[in-house]
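Quick notes on the structure that follows.
Protein chains: 2
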Amino acid sequence: MHFAAALPLQSGASLRDYHLSFETYGQLNAARTNAVLVCHALNASHHVAGSYVGQDKSEGWWDNMIGPGKPLDTNKFFVIGVNNFGSCFGSTGPMHRNPDTGQVYGADFPVMTVEDWVDAQALLLDAMGIQTLAAVMGGSLGGMQALSWTLQYPDRVRYALVIASAPNLTAENIAFNEVARRAIVTDPDFHGGHFYQHGTVPKRGLRIARMIGHITYLSDDVMNEKFGRQQKAPSPVTALAASAALPPAGLLASRGSPAALDAVLQSYKYSTQEVEFQIESYLRYQGDKFAEYFDANTYLLITRALDYFDPARAYGGDLSLALGRATAKFLLVSFTTDWRFSPKRSRELVKALLDNKRDVSYAEIDALHGHDAFLLDDPRYTSVIRSYFASILQSLEGQP
Amino acid sequence: MHFAAALPLQSGASLRDYHLSFETYGQLNAARTNAVLVCHALNASHHVAGSYVGQDKSEGWWDNMIGPGKPLDTNKFFVIGVNNFGSCFGSTGPMHRNPDTGQVYGADFPVMTVEDWVDAQALLLDAMGIQTLAAVMGGSLGGMQALSWTLQYPDRVRYALVIASAPNLTAENIAFNEVARRAIVTDPDFHGGHFYQHGTVPKRGLRIARMIGHITYLSDDVMNEKFGRQQKAPSPVTALAASAALPPAGLLASRGSPAALDAVLQSYKYSTQEVEFQIESYLRYQGDKFAEYFDANTYLLITRALDYFDPARAYGGDLSLALGRATAKFLLVSFTTDWRFSPKRSRELVKALLDNKRDVSYAEIDALHGHDAFLLDDPRYTSVIRSYFASILQSLEGQP
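Residue numbers (UniProt numbering), protein chains in the order written: chain A, 1 to 400; chain B, 1 to 400.
In structure tokens, the structure reads:
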């Protein structure tokens, strides 16, 4: 959808002549009361569910959660996925033309905030004739948008599902974002953010950024379970050569266990640059893949939006005071091994909402997968979401 | 000290014609029984204590722990600090000349292991006429060397102090090392490790590596306490301008609290590249400083030595079996907020030593500072070290 009117941004700048990519699923009911807005995090888009015709592997990023008969049931709800501006998956972003200059925005794309995105989402809903959302839902940075909806447009949202999120970033969170940004910005191919004109992409920086990100999405536990200290399997020939080259150490020979034999077969490469461990191979692969499609300016902008989000800031840091404006009912979900947005951060939100006597449900899911858990299938997690939407549906049907 | 004989390395390569820088403190007693070897971690050297004449700020890295009357009392013990080869603080390393080629080693410096360092340290002791150490002591990677001493030379070490260490790296530890290495290796100024010939230094990569390292040395708690979400203070002029430019938001004006005023004064810069938060400023400073003096090849080599250390590996992963060779008495210390080498990892060592009925003391210190705590003053920590050395002294004096 195209928007001609300029959108005033929190920074004082404005965005004009922009478009937002969105997808909808299910049917808006006659009373227009069953709309659910799904907000995305760093590396996602408006394509929240389903697959595109003729495209294998085009599944939406929350396809396990959203669809016919799924926890957020598109037979009952009208689901809207919208790509935030500044992103690189369809909506106006740094790789688009700046109407003021005729040039690609690049580094000149205005710095945006969670609040700006919510404003843009509200305008999209206006254009769709939807006054009130049955619910707004998001995980991680998406959860921050869901929370911000309840503060910016308290009259327009009845339920908010805030998953694996936080009331703001900690110093450590900001630190990881900053390292990732420095990796991108100091890549010689970044050219101050105007790399498009130079026909380059700061892939080195994007790879490092993604590798750092991935470490923080996973838990130490799941990394140990999935990768541990496993070495990248040598080719059979290498293994044989290694086995022949290594004299059987007295100790190993005397024990002669299969495990000891494995250790001999999998000799270290003694290299600082070759892949030695599986975890290295995994991270390099993730970094390479990401650098092929993600926009470097978008990475800077979205991590900064994360840094800046802090609804308590204008209230002297008093979160309870800040959340006093919210009138929605809340479901908060956190995951025990999530050290990026730990359960403690969700509990801060729960406390602040309870201080305001708001209706809050909270589920702390015992999951191994760290922050990534919010995107994965876990029967306890999905059943909490399913029953919450069932209760929302009941309340909608109970409406006059 | 110069060593003419080639040192065979675990990789199969060897190091010849090398020298080790070392310092000693205190007096070796007549019986040569009071020597304590102190092993260093990534960014440290043989200069463990004291200051150089006429040089302010030249304090040794463990000066709070080692010296006359300090927990490791140099009035009683003969303390040896040795710089490991491959490092960049004096001993033979990648920036030195390879005697085989006449060229600077650079990327050709052989990959070394903790075990190789311990072998070199043992040769240094041989040359000094010291057969048996009263104790070997180290923190982090230095603790791995202390542990390895008890396995490689069980007859030559009576006590081992293994502080903030681990029996090996977890997948997450390796992952952080790998990202740091990739940042260095993909810096165009790295030139495959032969940057010396190009007159360049891969400072971008070194900065990123150090920033990542620093995040993992600190705890989330101490970062929040020291930096939190504090913004980098704007200059008075900027603050005034920001205050004048921002219309007093209805909400803020109506509350009019000093806190709200602060929030207005410290407006965001809305920039992705400027420093906005104190934590960013701190990390950039640490990265810049480190890139001025640390060698990139050394960084790769030392992080790899960390990755490779795994005494249980040749025993099918059975740490208890691996530690069976140790005969020393042990003190292990860990710090509650250390998530790089967490208390859990020290407890693994304690368990494996107890499985072998070894004499083990273990202190888990409730400290805020994360992994860095092992370098800092904490009365509980230093008193544990002090009394352990007092008991070592008693046992020495009780000797025939």
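We put the beta carbon where it would ideally sit given N, CA and C, even for glycine.
These numbers come from a predicted model, not from an experiment.
Exercise for the section: Kindly give me the distance between the Cβ atoms of L20(B) and N83(B), rounded to whole angstroms, as I take these residues to be in contact under 8 Å. Expected result: Beta-carbon to beta-carbon, L20(B) and N83(B) are separated by about 7 Å, close enough to satisfy the 8 Å threshold.
Problem - C-beta neighbour in chain A for R345(B), strict 8 Å - result: Among the residues facing chain A, R345(B) is not included, as its CB has no counterpart in that chain under 8 Å away.
Exercise for the section: In angstroms with no decimal places, state the Cα-to-Cα distance between E397(B) and K76(B). Expected result: 11 Å
Practice task
With a threshold of 16 other CB atoms inside 10 Å of the CB of A31(B), please say whether the residue is buried or exposed.
Solution key: exposed
Practice task
Please state whether DSSP places R386(B) in a helix, a strand or coil.
Solution key: helix
Problem - Any non-hydrogen atom of the ligand NAP within 7 Å of R16(B) CB - result: Inclusion of the ligand NAP in the displayed structure is not the case, the ligand content being empty and no account of it being possible.
Practice task
Give the range of the alpha helix (DSSP H) segment to which F290(A) is assigned.
Solution key: Q278 to Y293
Exercise for the section: Output, in chain order, the set of chain B residues within a Cβ distance shorter than 9 Å of Y308(A). Expected result: Y268, Y270 and E276
Exercise for the section: Please determine if the segment 203-210 of chain B and the segment 182-189 of chain B are in contact, where contact requires at least 3 C-beta pairs separated by less than 8 Å. Expected result: Of all C-beta pairs linking the segment 203-210 of chain B to the segment 182-189 of chain B, three or more are shorter than 8 Å, placing the two stretches in contact.
Exercise for the section: Would you check if the distance between the CB atom of residue 405(B) and the CB atom of N177(B) is smaller than 8 Å? Expected result: Limits of chain B in this structure are 1 at one end and 400 at the other, which puts residue 405(B) out of reach.
Handout entry: Spatial neighbours of L300(B) in its chain, beta-carbon cut-off 6 Å, leaving aside the 5 residues before and after
Key = R181
Practice task
Please decide whether R340(A) counts as near chain B, where near means a Cβ-Cβ distance under 8 Å.
Solution key: Answer no: the Cβ-Cβ gap between R340(A) and chain B never drops below 8 Å.
Exercise for the section: Measuring only between beta-carbons, confirm whether R380(A) sits less than 8 Å from chain B. Expected result: Output row for R380(A): interface = no.
Problem - Within-8 Å CB hit, F176(A) to chain B - result: Yes, because at least one Cβ of chain B sits closer than 8 Å to the Cβ of F176(A).
Problem - CA-to-CA distance, K232(B) to S11(A), given in whole angstroms - result: 18 Å
Problem - Short CB-CB distance (under 8 Å) between A164(A) and chain B - result: no
Practice task
Could you tell me which of E115(B), Y153(B), G142(B) and S140(B) sits nearest to I133(B), measuring between CA atoms?
Solution key: For the sequence presented, residue 133(B) should be read as Leu rather than Ile. Per the Cα distances, Y153(B).
Problem - Residue from G193(B), A120(B) and D366(B) with nearest C-alpha to A4(B) - result: A120(B)
Handout entry: Straight-line Cα distance separating F85(A) from residue 405(B)
Key = Absent from the model: residue 405(B). The displayed extent of chain B is 1 to 400, so no value can be given.
Handout entry: Inter-residue Cα distance where the pair is M128(A) and L161(A)
Key = 22 Å
Problem - Where the beta strand (DSSP E) through residue 401(A) begins and ends - result: The displayed coordinates of chain A run from 1 to 400. Any statement about residue 401(A) would go beyond what the structure contains.
Exercise for the section: Decide if E225(B) is buried, meaning its Cβ has at least 16 other Cβ atoms within 10 Å, or exposed. Expected result: An exposed status is given to E225(B), since fewer than 16 other beta-carbon atoms sit within 10 Å of its beta-carbon.
Exercise for the section: Between the Cα of residue 430(B) and those of L375(B), E59(B), F341(B) and L124(B), spot the shortest distance and give me the residue it belongs to. Expected result: Residue coverage of chain B in this structure runs from 1 to 400, which leaves residue 430(B) outside it and unanswerable.
Handout entry: Per-residue DSSP class, three states only, for S391(A)
Key = Correct three-state label for S391(A): helix.
Handout entry: Beta-carbon gap between L151(B) and P8(B) smaller than 8 Å
Key = no
Exercise for the section: Within its chain, find whatever has a CB closer than 7 Å to the CB of H2(B); leave out the 5 residues flanking it on each side and keep chain order. Expected result: H19
Practice task
Go ahead and label H198(B) buried or exposed: buried means 16 or more other beta carbons lie within 10 angstroms of its beta carbon, across all protein chains shown.
Solution key: exposed
Problem - Interface flag, I212(B) vs chain A, CB-CB below 8 Å - result: yes
Handout entry: Assigned secondary structure, H191(B) (DSSP; H/G/I helix, E/B strand, else coil)
Key = helix
Exercise for the section: Go through its chain and collect everything with a Cβ distance to S281(B)'s Cβ below 6 Å, but skip five positions before and after it. Expected result: K232 and V275
Problem - Classification of S342(B) by the beta-carbon crowding that lies within 10 angstroms, buried from 16 upward - result: buried
Problem - Contacts around Y388(B), its chain only, beta-carbon distance under 6 Å, and the 5 residues preceding and following it disregarded - result: L331
Handout entry: For R313(B) and V36(B), the rounded distance between their alpha carbons
Key = 28 Å
Exercise for the section: Find the nearest neighbour of G81(B) within the set A135(B), H96(B) and D355(B), judged by alpha-carbon distance. Expected result: A135(B)
Problem - Listed by chain order, chain B residues near G228(A) by CB distance under 9 Å - result: T170 and A171
Exercise for the section: Kindly provide the ranges of any alpha helix (DSSP H) runs that are 4 or more residues long and lie completely inside the segment 76-136 of chain A, ordered along the chain. Expected result: 114-127
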